[in-house]
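Below is one structure, written out as structure tokens, with a few remarks after it.
Residue numbers (the UniProt record's numbering): 1 to 150.
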């Protein structure tokens, strides 16, 4: 096994993880949330204990990797009155601190907005936050550009 300083990490989409890796993530969530034993958690998910131990120190939810984070999101919005205010209100309600805002001049009824956010205090998971943004009727797309520590 490589020294930890020599290990490389990759960010991958959930749908390309093996079933055992996905179940490992579910077991880890259950252990944190439900205060149950490893045996009970793996039994509930149908994962073997050996598979859990194989992946438990190798697979992590994106949001848990770094506690203090800066998230940059690129959004494409319809150009309507009040859209930016509503977007910023949604971001604030998610307990994100807005560090920078860049908005392009609307062209053909669309404007691009890039937000850099300190998401340290955000209590919901990143994917839930992004889905919340995408559900706003004026948001055509919302994509993570980068994420890193402060």
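Note that CB positions come from ideal geometry on N, CA and C, so glycine has one too.
Secondary structure at residue 33: helix, using DSSP grouped into helix, strand and coil.
For residue 43, the enclosing alpha helix (DSSP H) stretches over residues 38–45.
Annotation: residue 49 is outside any beta strand (DSSP E); the continuous alpha helix (DSSP H) that includes it extends over 49–55. Shown here, residue 86 sits in a helix according to DSSP, grouped into three states. By the 16-neighbour rule on beta-carbons within 10 angstroms, residue 39 is exposed. Around residue 25, the same chain offers 59 and 61 as residues with beta carbons nearer than 7 Å, after the five sequence neighbours per side are excluded.
The residue from 33, 84, 90 and 37 with its alpha-carbon nearest to that of residue 103 is 84.
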